[in-house]
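The structure appears below as structure tokens.
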Amino acid sequence: MIDLHQETAALAAWPTHERLRALQRIIPRARVDDALAQTGRDRTHCRRLPGWFMVWFMIALGLFSRDAYRQIFRWLQVFRPGGIPGRSTLCEARQRLGVAPLRALAAQVVALLGRPETPGAFYRGMRTMAIDGFVLNVADTPANERAFGRPGSGRAPGAFPQVRVLALCETGSHVMWTWLIKSLRSAEITMAPALLRFLQPDMLLLWDRHFLTHATVSAVRVRQAHLLARITSNRVFIPIQHLPDGSYLAKLYPSAADRRRDRHGLLVRLIEYTLDDPQRPGKEERHRLLTTLLDAELDPARTLVCLYHERWEE
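Here is the structure:
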């Protein structure tokens with residue numbers, strides 16, 4: 001769902017003054033001051049590069065990711081006119097600030113943006129969410145390489161260390177609502193459970209085939225949320241009840257032994273289908289979706305299939 005290059009390119013197409021205006025509107029000075037006070041960084045005095053300015057500078061590193069430090073400072077002079085410091089001075093101020101104020105600020109300003117009228121934000125009153133992952137290059141330093149690892153092709157290591165990011169996103173707005181940043185060695189399947197505790201009642205989570213386990217489905221239902229997920233072809237489900245729309249009810253078990261003893265099973269609904277659009281990948285292959293939405297009258301199979309594919313292809 002997240003195409004980082006596409007999102008970055010769209011942002012870069014905005015005029016500089018529009019990006020700065022958005023920064024001011026979404027993250028007002030009062031929010032920045034609150035985050036600094038909350039983390040005890042408001043007592044770090046530097047008249048030339050105060051904490052509130054450095055918070056905006058850190059955020060601007062993302063808004064102007066292709067520009068050098070001093071150029072970014074020039075853009076931000078609309079907030080604080082003055083001479084342009086050297087790169088080393090900006091680096092030292094960045095280190096003094098640390099990450100704690102940015103964490104506190106993110107907790108204040110990152111919010112779900114979808115409204116009932118927002119295209120793709122809701123399905124039958126449920127807010128649609130997705131878990132999505134990607135990797136990012138980070139600065140080529142020994143500390144980053146030790147902490148996060150470096151990709152390799154077998155012949156040579158990659159040019160930069162990389163981090164793995166897994167995010168719980170709102171599908172209608174593409175807002176990354178909450179996220180984990182781990183080493184490149186971490187697997188998305190082991191990271192996903194930590195994000196499920198942020199689900200809210202009446203959310204509908206769409207996810208890819210690799211995340212599905214008995215434990216993760218249980219975690220979704222404990223939060224009173226629902227799930228619509230693609231599943232791998234090797235998963236075994238025995239129909240309990242066939243429904244009028246061609247889907248069927250079955251049980252998801254923690255293990256094969258539990259299936260044989262019919263214990264700890266979760267009631268789920270399976271939808272099997274093929275794609276007949278010649279432009280789509282996987283045409284004429286059999287696909288399967290698993291959902292915790294069990295009522296075929298309220299949630300017809302065709303509707304859920306279209307919902308799943310539309311959300312991932314946005």
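Residue numbers for the sequence shown follow full-length UniProt numbering, so the first one is 1 and each next one is one higher. For each residue, glycine too, the CB sits at the ideal point set by N, CA and C.
For Gly133, the secondary structure class from DSSP, reduced to helix, strand or coil, is strand. By the beta-carbon neighbour count (other beta carbons within 10 angstroms, threshold 16), His226 is buried.
Taking C-alpha positions only, Ala104 is separated from Val165 by approximately 19 Å. Annotation for Cys169: the continuous beta strand (DSSP E) segment containing it runs 162-170. Under the 10 Å beta carbon count, Glu170 is surrounded by 16 or more other beta carbons and is classified as buried. Within 10 angstroms of the beta-carbon of Ala167 lie 16 or more other beta-carbons, which makes it buried. The residue from Gly62, Ala22, His174, Ser218 with its alpha-carbon nearest to that of Gly114 is His174.
Of the candidates Phe122, Val236, Glu285, Ser255, Val236 places its Cα closest to the Cα of Leu270. Spanning the alpha carbons of Asp33 and Ala107 requires a straight line of approximately 14 Å. DSSP places Leu227 in the uninterrupted beta strand (DSSP E) bounded by 226-230. In this chain, His264 is not harboured by any beta strand (DSSP E), its DSSP state being neither H nor E. Contact annotation, Arg286 with Thr274: C-beta distance approximately 6 Å; criterion of less than 8 Å satisfied.
A distance of 8 Å or more separates the beta carbons of Leu184 and Gly133. Here His174 carries a coil assignment [DSSP, helix/strand/coil].
Sixteen is the threshold: since fewer than 16 other Cβ atoms of the shown chains lie within 10 Å of the Cβ of Gln24, the residue is exposed. Gln162 counts as buried, since no fewer than 16 other beta carbons sit within 10 angstroms of its beta carbon. Within the segment 51-102, there are no complete beta strand (DSSP E) runs of at least 3 residues. Assignment of Ile238 by DSSP, reduced to helix, strand and coil, places it in the coil class.
Distances from the CA of Ile231 to each of Ile240, His210, His242 were compared; the closest alpha carbon is that of His210. Beta-bridge annotation (DSSP): His214 is not paired with any residue. Going by DSSP, Ala250 is part of the beta strand (DSSP E) stretching over 248-252.
Around the beta carbon of Ser233, fewer than 16 other beta carbons lie within 10 angstroms, which makes this residue exposed. Measuring C-alpha to C-alpha distances from Ala256 to each of Thr213, Gly172, Ala301 identifies Thr213 as the nearest. Here Leu290 really is in contact with Val268; their C-beta atoms are around 5 Å apart, less than 8 Å.
Excluding its 5 nearest sequence neighbours in each direction, Glu310 has C-beta neighbours in its own chain below 8 Å: Gly120, listed in chain order. For the options Gly40, Pro254, Arg146, Tyr69, the alpha carbon positioned closest to that of Val99 is the one of Gly40. Using a Cβ distance threshold of 8 Å, Leu252 and Leu266 count as a contacting pair. Using a 10 angstroms sphere on the CB of Leu205, the tally of other CB atoms reaches 16 or more, which defines it as buried. Contact between Ile240 and Leu249 holds: CB atoms are separated by about 5 Å, below the 8 Å threshold.
For the pair Pro85 and Gly51, the CB atoms are not nearer than the 8 Å cut-off. Taking the Cβ atoms as the reference, Thr216 lies roughly 11 Å from Leu199, outside the contact range of under 8 Å.
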